[in-house]
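Asker: Have a look at this one before I ask anything.
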Amino acid sequence: VLIRTALGQGKRVLVPVVKKGDVELFFSEIKDLGKELAPGTFGILEPKQEFVRPVSLDEVDVILVPGIVWDREGYRLGWGRGYFDRAIKKLPPHVRSAGLAFNLQLISRVPRDQFDVPVDMVVTESRVIRCHK
Numbered sequence: 004v005l006i007r008t009a010l011g012q013g014k015r016v017l018v019p020v021v022k023k024g025d026v027e028l029f030f031s032e033i034k035d036l037g038k039e040l041a042p043g044t045f046g047i048l049e050p051k052q053e054f055v056r057p058v059s060l061d062e063v064d065v066i067l068v069p070g071i072v073w074d075r076e077g078y079r080l081g082w083g084r085g086y087f088d089r090a091i092k093k094l095p096p097h098v099r100s101a102g103l104a105f106n107l108q109l110i111s112r113v114p115r116d117q118f119d120v121p122v123d124m125v126v127t128e129s130r131v132i133r134c135h136k
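Per my numbering, residue 4 is the first one in the sequence shown, and the count goes up by one each step.
Structure representation (structure tokens):
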């Protein structure tokens, strides 16, 4: 719904792409959800090869980060490969990172290690939690 709404409002929408065997994400602009996406490396929808349009993160205002559970400090439990941690770490200073979650996905403290990187904010259905890095 979020992507469809943004596209309908004429916003630029980028989605993450994983190249098989690579440890870094890159981001590609999409324009048509219905025809441009197909299951990618991990079965997650990504642009089909003919619709890949890489975009520099210098052109981005905000990056939405997926997660399974979150804490109020902006740390998350993801899927364990560190793709988004590496992407967040490399964001230009003007780009905000936001985790999207339901209130029930918030816990007191997410287990973390030295490679985990928090987001700037966690947005739920009822509030915005600003996290301090």
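Built from N, CA and C at the ideal position, the CB exists for glycine as well. These figures come from a predicted structure and were not determined experimentally.
Straight-line CA distance for F45 to R15?
Answerer: 24 Å
Asker: Taking its Cβ as the centre, do 16 or more other Cβ atoms sit within 10 Å of A9, making it buried, or is it exposed?
Answerer: exposed
Asker: So, are the CB atoms of C134 and G81 less than 9 Å apart?
Answerer: C134 is not a Cβ neighbour of G81, given a cutoff of 9 Å.
Asker: Which partner residues of E32 appear in the DSSP bridge assignment?
Answerer: Under DSSP, E32 shares a beta bridge with L17.
Asker: Under a three-way DSSP split, which group does A9 fall into?
Answerer: helix
Asker: When DSSP labels each residue in this structure, what does A101 get in the three-state scheme?
Answerer: strand
Asker: Run through the DSSP bridge pairs and tell me what W73 is partnered with.
Answerer: R79, L109
Asker: Shortest alpha-carbon distance to S59 belongs to which of E53, G24, L17, W73?
Answerer: L17
Asker: In this structure, does DSSP put I132 in helix, strand or coil?
Answerer: strand
Asker: Would you say the stretch 33–47 touches the stretch 98–109, given that touching needs at least three Cβ pairs under 8 Å?
Answerer: Verdict: no, contact absent.
Asker: Within 10 angstroms of its Cβ, does D116 collect 16 or more other Cβ (buried), or is it exposed?
Answerer: Exposed, since its Cβ has fewer than 16 Cβ neighbours within 10 Å.
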